[in-house]
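Residue numbers (the working numbering): 12 to 891. All C-beta atoms, glycine included, are put in the ideal place defined by N, C-alpha and C. So the structure is just underneath, and the comments pick up after that.
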RNA sequence: GCCCGGAUGGUGAAAUGGCAGACACAGCGGACUUAAAAUCCGCAGACCCUUAUCAGGUCGUGCCGGUUCGAGUCCGGCUCCGGGCACCA
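Below, the structure is given as structure tokens:
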């Protein structure tokens, strides 16, 4: 910086000037040249381990402020844990598969691989510029074959275990692109790329992973994860949606005229089939106790029985068609909840197995086809939705539950159950609802028309994507079939043939289904079993697969013969602290929990959960709104670093708000932190010679002893603040993580040092004390502002690598105040403040308070009723 | 509709049930400077009393109530803002 030379004549002056633009690149170069610097010790290390992990980013090419904040938190923690003597694993990687690479390819004609890898390069550079303490030796890039081959390996293992299977499911389909769209690519019901094209719902054969096998474990595990935020656990609980209830069979009664008409007409085989099984409708209910109040059966429009009946009943067919169309429209408008309840009578009836009553069977748009059995018994008296429906269509509404035996006139619908009792329910009348649920379910079970059941909202995980830039699914379809495999049947690729490589030079176009399907060299292959012609699976895996287990790979990133070595994973897992955005609370974090359980059952690891503790940081906000390109309020980290340096940028991200809260980005605040660092730099540089001299004079214990003994009051006061600061920061790191107040505490210390400058210069503070304080100050700064801390550590003659120095110990004795200011209240109102010595007894404190001038005046003529003395806090005099 | 958060000066925020507003930002005043920038020092919740000072008083943590010697903090009932889920039988 040439202006420095102009502004500062003296060389000594210049060295006191904080210049991050000079310091930071210099230290970065030194750190980059030392790949061992942040390398964890081997798993055989005897040290206690600490696995500190931040969520891996998608390599968009640009770090944003959310990343900066996330990594600043993780980095501070990792550095602190190192200094506390832990063996720390602090890795970073890239969630490198995904659609944006394909879009970029379309737009700029750049191959996805090239685009992705150059983005990674750019972001890695930004991270290095930030001074983040990652061990780049364990870097994981999910789009490279040495990673994704293990996705394929896991897929084969899951196939062997019956955890991966083909399933027909509904997908968003763009007829113009001829491809499946992710939910987030559907904008207002239209294809995000073709605004005039409506997205269709299509049934498609897809690969799915049987996550539902672990539903109970995923749910119950949440209760044993106190290190995860309640918010996340609640969200997962709702997502899993376990509900205990009963399946009940209602026999379908054939009505004479209807069936006669049906018999006259030719019946398609599907209908015949449906009719054969049409003996009963199974409903799922959590309130089997209310079954005496059932007044109809409601089927989802997609229910197979409804489909069968449509052919016979044109009126029903058009009603159902209308419902489906409206549902579709609502889905497009993203307003499924706001749709009005509608239904149509099927003309059929069913028998209530408990009462023998005949109930009309309806089709209703509020019944979900994919939850429970797609059929319910409608109890309008005790269910709000059924009530609304029954009112609209004039169906009877019966009361069968009352809050207690005497209260029978409460408005319907009444949905209470805990203390409630049954009425008008035959032999069950008078029973408590909850007890009746159990007994009636058992009764149904014993009589063969019901079963206690647990249902889940969670569905199996559909992992097929009709995309290019993802992990190829390692399956082939044997064209002619062979022994035990029908023509076109599934044959897994043998492990030895992995990886199934993604072809690199392909033309990406907008249309035509799976891009890999149009690459004959890829799609056409030989059946690994019979050698005959075969076609590869041309779908790729959901990118959530990549992020479900990447953190295990970090423990053994170079392993070429296994996803990782179990001994290494078992040493490092579970992750001690996982840090990331709350937006991943459900999908990523459920999928990774699932994957962990699968790996455990495969015998690869011992832990059942991936992370001991999870921290979700708040958003970065600017002008009251989340930063986004469309709002034009994005602040670029590069800009900030250029202007104020990485230290100031990181430190501001920690100082402006506690990490769990949203953070309002104010550039003036960054400038303020930068000014603070200048003050620290100037002071530490100025006293560096004192520190160095004291270090070379001092000899071990002697030095330590003289640091604390025979202090001047000025020195004692500084030491007191120092040790209070150490204590505060140390506690905060292991609990609240309120780094904003930690940094404030360091500021207080530095302000005091500034104020004590004259005292220090005039010899009022011993050199050994000055040394102790500045050494500790630099150590305290290390987790938050590593560049300037490293620089100052060197200037003050510190030995070794700063980030491996032991964290300073707080000395409670030195931190203790010897005189306390105690507020005095009268009837809870502050009246005065008195000074007492820290050792004073309550009685003494009271006496001092009572003799205070202001207190005496106020007390005149009053009667003292009660005195409250809280040691070190206050005195409250209660008077009348 | 349901479930979570949150609400404190002009702004970001701080405060194991114990002096509300630490620490900063912006602001104002001063020092340094020919001047500015930078830096340093000081002031700073609102209102009232006072010619002014010194000092003093009243009110004040979204609203209403409660518990307590004492409530930003705990309890009950609301309002508004943010996030998640949403006909889950």
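Should residue 37 be labelled buried (16 or more other beta-carbon atoms within 10 Å of its own) or exposed?
Position 26 of the first chain, counted from the first residue, corresponds to residue 37. By the neighbour-count rule (16 or more Cβ atoms within 10 Å), residue 37 is not buried but exposed.
Are the region 761 to 771 and the region 105 to 115 touching, with three or more C-beta to C-beta distances below 8 angstroms?
no
Same chain, Cβ closer than 8 angstroms to residue 763, five either side skipped, listed in chain order:
Looking up residue 763 in the first chain gives position 752. Answer for residue 763: 728, 729, 732, listed in chain order.
Spatial neighbours of residue 738 in its chain, beta-carbon cut-off 8 angstroms, leaving aside the 5 residues before and after:
As a working mapping, residue 738 is identified with position 727 in the first chain. Result list for residue 738: 821, 823, 826, in chain order.
Less than 7 angstroms between the beta carbons of residue 381 and residue 223, yes or no?
As a position in the first chain, residue 381 is number 370, starting the count at 1. As a position in the first chain, residue 223 is number 212, starting the count at 1. Not closer than 7 angstroms, so no.
State the CB to CB distance for the pair residue 977 and residue 563, rounded to an integer number of angstroms; the pair is presumed to be in contact (CB under 8 angstroms).
With the chain running from 12 to 891 in the structure shown, residue 977 is simply not present.
Per-residue DSSP class, three states only, for residue 769:
Looking up residue 769 in the first chain gives position 758. Three-state result, residue 769: helix.
Strand pairing of residue 413, partner residues [DSSP]:
For the purposes of this step, residue 413 is taken as the residue at position 402 of the first chain. DSSP output for residue 413 lists 432 as bridge partner(s).
Around the C-beta of residue 876, are 16 or more other C-beta atoms found within 10 angstroms, so that it is buried, or is it exposed?
Here residue 876 refers to the residue found at position 865 of the first chain. Counting Cβ neighbours within 10 Å, residue 876 comes out exposed, since fewer than 16 surround it.
Residue 651 to residue 793 span [Cα, whole Å]:
Sequence index remark: in the first chain, residue 651 carries index 640 (1-based). Sequence index remark: in the first chain, residue 793 carries index 782 (1-based). Computed Cα separation, rounded: 20 angstroms.
So, is residue 235 buried or exposed, given that buried needs 16 or more other C-beta atoms within 10 angstroms?
As a first step, residue 235 is located in the first chain; it is residue number 224 there, counting from the start. So residue 235 counts as exposed.
To the nearest angstrom, report how far apart residue 8 and residue 724 are at their CA atoms.
No information on residue 8 is available, as it lies outside the stretch 12 to 891 that the chain covers here.
Please report the distance separating the alpha-carbon of residue 127 from that of residue 152.
As a first step, residue 127 must be located in the first chain, where it is residue number 116. As a first step, residue 152 must be located in the first chain, where it is residue number 141. For residue 127 and residue 152, the distance between alpha carbons rounds to 10 angstroms.
Counterpart residues of residue 98 in DSSP-defined beta bridges
Residue mapping note: residue 98 aligns to position 87 of the first chain, counting from 1. Answer by DSSP bridge pairing, in chain order: 60.
Can you tell me which of the three DSSP states residue 877 falls into?
Numbered from 1 along the first chain, position 866 holds the residue referred to as residue 877. Three-state result, residue 877: strand.
Buried or exposed: which applies to residue 115, given that a residue is buried once 16 or more other Cβ atoms fall within 10 Å of its Cβ?
Your numbering for residue 115 matches position 104 in the first chain. Classification of residue 115: buried, given that the 10 Å Cβ count is 16 or more.
Could you compute how far the alpha carbon of residue 867 sits from the alpha carbon of residue 742?
Against the first chain, residue 867 aligns to sequence position 856. Against the first chain, residue 742 aligns to sequence position 731. So the two alpha carbons sit approximately 41 angstroms from each other.
Does the Cβ of residue 277 have 16 or more other Cβ atoms within 10 Å, making it buried, or fewer, making it exposed?
Taking the first chain and counting its residues from 1, the one referred to as residue 277 is at position 266. Interpretation of residue 277 is limited by its pLDDT of 40, a score under 50 that renders its predicted location unreliable; the figure taken from the coordinates is listed afterwards. Exposed is the call here.
Curious, which full-length beta strand (DSSP E) runs of at least 3 residues does the region 330 to 372 contain?
354 to 362
If I measure Cβ to Cβ from residue 360 and keep anything under 7 angstroms in the same chain, skipping five residues before and after, which residues do I get?
Here residue 360 refers to the residue found at position 349 of the first chain. Excluding positions up to five away in sequence, the list reads 264, 266, 369, 370, 371, 372.
Rounded C-alpha distance that separates residue 859 from residue 845
One-based indexing of the first chain puts residue 859 at position 848. One-based indexing of the first chain puts residue 845 at position 834. Whole-angstrom Cα-Cα distance: 7 angstroms.
Touch check for the region 650 to 667 and the region 608 to 626: three-plus C-beta pairs under 8 angstroms?
no
CA-to-CA distance, residue 818 to residue 910, given in whole angstroms
Lying outside 12 to 891, the shown extent of the chain, residue 910 is not represented and no answer is given.
Return the chain-ordered ranges of every alpha helix (DSSP H) run that is complete within the region 780 to 812 and spans a minimum of 4 residues.
797 to 806
Could you give the DSSP three-state label for residue 271: helix, strand or coil?
Here residue 271 corresponds to residue number 260 of the first chain, with the count starting at 1. Bear in mind that the predicted position of residue 271 carries a pLDDT of just 34, short of 50, making it unreliable; the figure below should be weighed with that in mind. Residue state, collapsed to three classes: helix.
Since residue 415 contacts residue 432 with CB under 8 angstroms, what's their CB separation in whole angstroms?
Locating residue 415 in the first chain gives position 404, where the first residue counts as 1. Locating residue 432 in the first chain gives position 421, where the first residue counts as 1. Rounded, the Cβ-Cβ distance is 6 angstroms, consistent with contact.
Rank 461, 694, 618, 881 by C-alpha distance to the C-alpha of residue 577 and give the top, closest one.
In the first chain, counting from the first residue as 1, residue 577 sits at position 566. The residue with the shortest Cα to Cα distance from residue 577 is 618.
State buried or exposed for residue 376, treating a residue as buried only when at least 16 other CB atoms are found within 10 Å of its CB.
Working through the first chain from its first residue, we reach residue 376 at position 365. When all chains shown are included, residue 376 counts as buried.
Three or more beta-carbon pairs under 8 angstroms between the region 533 to 551 and the region 166 to 182, yes or no?
no
With residue 8 and residue 584 assumed to form a contact (beta carbons below 8 angstroms), what rounded beta-carbon distance in angstroms separates them?
Because the chain in this structure spans residues 12 to 891, residue 8 falls outside the shown range and cannot be described.
Quick one: grab the DSSP three-state call for residue 291.
Residue 291 sits at position 280 when you count from the first residue of the first chain. Strand.
Tell me which same chain residues have a C-beta within less than 7 angstroms of the C-beta of residue 149, skipping the five on either side of it?
Looking up residue 149 in the first chain gives position 138. Excluding positions up to five away in sequence, the list reads 102, 565, 568.
Express the C-alpha separation of residue 434 and residue 551 in angstroms, rounding to a whole number.
What you label residue 551 is simply residue 540 of the first chain in a count that begins at 1. What you label residue 434 is simply residue 423 of the first chain in a count that begins at 1. Each residue's Cα considered, the two are about 57 angstroms apart.
Contact defined as beta carbons within less than 8 angstroms: I believe residue 488 pairs with residue 481. What is the distance between those atoms, to the nearest angstrom?
Position 477 of the first chain, counted from the first residue, corresponds to residue 488. Position 470 of the first chain, counted from the first residue, corresponds to residue 481. Going by Cβ atoms, the distance from residue 488 to residue 481 rounds to 19 angstroms, so no, they are not a contact pair.
If you drop the 5 nearest sequence neighbours on each side, which residues of the same chain put their C-beta closer than 6 angstroms to that of residue 843?
Residue 843 sits at position 832 when you count from the first residue of the first chain. These residues qualify, in order along the chain: 835, 863, 865, 866.
Cβ pair count under 8 angstroms reaching 3, the region 800 to 810 against the region 699 to 710
yes
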